[in-house]
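J.: If you read the sequence shown in the working numbering, its first letter stands for residue 550, the second for the next number, and so on. Virtual Cβ for every residue (Gly too), placed ideally from N, Cα, C. Since the model is a prediction, treat every value here as computed from it, not as a measurement. Structure in C-alpha cells, see below.
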Amino acid sequence: MAKHGPGTRRRSQNRNQGADQIAVRERFLIVCEGTETEPRYFQNFDAPGRVLEVRGTGMNTLSLVNEAIRLRAELETDRPPGQEPFDQCWCVFDRDSFGTFNEAIDKARANGFRAAYTNEAFELWYLLHFDYHDAALSRQQYGDKLSDLLRRRYEKDDPTMYAALLPRQEAAIQNAERLMARYDPHNPQRDNPCTTVHELVKELRRNSRP
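Here's what the structure looks like:
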C-alpha cells in the first residue's frame, strides 16, 4: 500500500497488471479582506478552478476570520458529491486600527486556518518583488512607491499586477523571508513592516500546474 504524505491525497486506478498513483492537488479556500486587490492576485495562480476557491469579503481582522469560519462551514455543507474537502484554508488581511490584529491571527489558527497577514498593507508584498524593504510606510506611500517602480499609476484593482510581478516572485519570497527573520520574537501587531503572504504563495506554487 502506498504511503500518503501529510496534506496529500492519492487515488489509485488499476490498469492491466499494475496500479498508477495519481496525485490530486490540494484544495484551497482563501478568504480575503479586500474585494479586489487580494482576490484578483490569488485568482491568477495557475491552478484548476475546482481546487482554488477565493472570496473577497470587505471585512477586516476578527470580522473577516468569523466570516471565513462561517463560509467554510457553508461550503463544506454544500459540497457536491465526490468533491474532496478543503486541504488548506487561509485568511488574508492587513493590520487595522482596532488593536485586534494578533487576536484575529490567533483565532484563525485556532480554527484551522492559516493567516497570510501584512502590517501595514498588502502592497508590501508587491513592493518586495522589487527590493528588500524594512521601513514602515503609510498605505499612501506604498501606492506612490509602486507607481514609481511600475512606471505607471498603481491601481488597487489592476488586473495585470500578478502577470507584471510574476518574473520577480522568487525574489519577493526571499525578501519576505529575510524581513520576517528580523523579528525574534515576532509580534505581528507591533512589527511594521511584516508579512506572511509569501507562505501562502509558496503553497500555491507547490500546488499549481507544472
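Does the segment 693-709 touch the segment 653-665, meaning 3 or more C-beta pairs lie closer than 8 Å?
T.: Too few Cβ pairs lie closer than 8 Å, so no.
J.: Quick test of your reading: W639 and T744, contact by CB under 8 Å. State the CB separation rounded to the nearest angstrom.
T.: Incorrect: roughly 13 Å between the Cβ atoms, too far for contact.
J.: Cα separation between R575 and A664?
T.: In the sequence under discussion, the amino acid at residue 575 is Glu, which differs from the Arg named in the question. Spanning the two alpha carbons is a distance of roughly 17 Å.
J.: Between the segment 666-682 and the segment 730-748, do at least 3 Cβ pairs fall closer than 8 Å?
T.: Yes: at least three Cβ pairs fall under 8 Å.
J.: Taking S646 as the reference, which of R628, Q637, G631, L611 has the closest Cα?
T.: Nearest C-alpha to S646: L611.
J.: Give me the DSSP bridge partner(s) of W674.
T.: Answer is none; W674 lacks a bridge partner.
J.: When the Cα atoms are used, what is the spatial distance from L677 to A684?
T.: Approximately 12 Å, taken between the alpha carbons.
J.: Identify every residue that forms a DSSP beta bridge with E602.
T.: In the DSSP output, where bridge partners are listed per residue, E602 has L578.
J.: Express the C-alpha separation of Q637 and N615 in angstroms, rounding to a whole number.
T.: If you take the alpha carbons of N615 and Q637, they lie about 17 Å apart.
J.: Taking DSSP as the reference, what is the three-state secondary structure of Q637?
T.: Note: Q637 maps to strand in three-state DSSP.
J.: Grab the span of the alpha helix (DSSP H) containing R619 for me, first residue to last.
T.: Its alpha helix (DSSP H) spans residues 610-626.
J.: Can you find the residues in the same chain that come closer than 6 Å, C-beta to C-beta, to R717, ignoring five residues on each side of it along the sequence?
T.: Counting only Cβ-Cβ distances below 6 Å, and skipping sequence neighbours, we find H678.
J.: Bridge partners of D643, per DSSP?
T.: Partner(s): T667.
J.: In chain order, what are the residue ranges of uninterrupted beta strand (DSSP E) at least 3 long that sit wholly in the segment 685-739?
T.: Taking only runs of at least 3 residues, no beta strand (DSSP E) segment lies wholly in the segment 685-739.
J.: Helix, strand or coil: how does DSSP classify T744 here?
T.: DSSP places T744 in strand when its eight states are reduced to three.
J.: Assign G605 to buried or exposed, taking buried as 16 or more other Cβ atoms, counted over all protein chains shown, within 10 Å of its Cβ.
T.: It is buried - the Cβ of G605 has at least 16 other Cβ atoms within 10 Å.
J.: For A670 versus D707, is the C-beta distance shorter than 9 Å?
T.: No, they are not a contact pair.
J.: When you compare each of P629, M710, H682 to Q592 by their alpha carbons, which one comes out closest?
T.: Nearest of P629, M710, H682 to Q592, Cα basis: M710.
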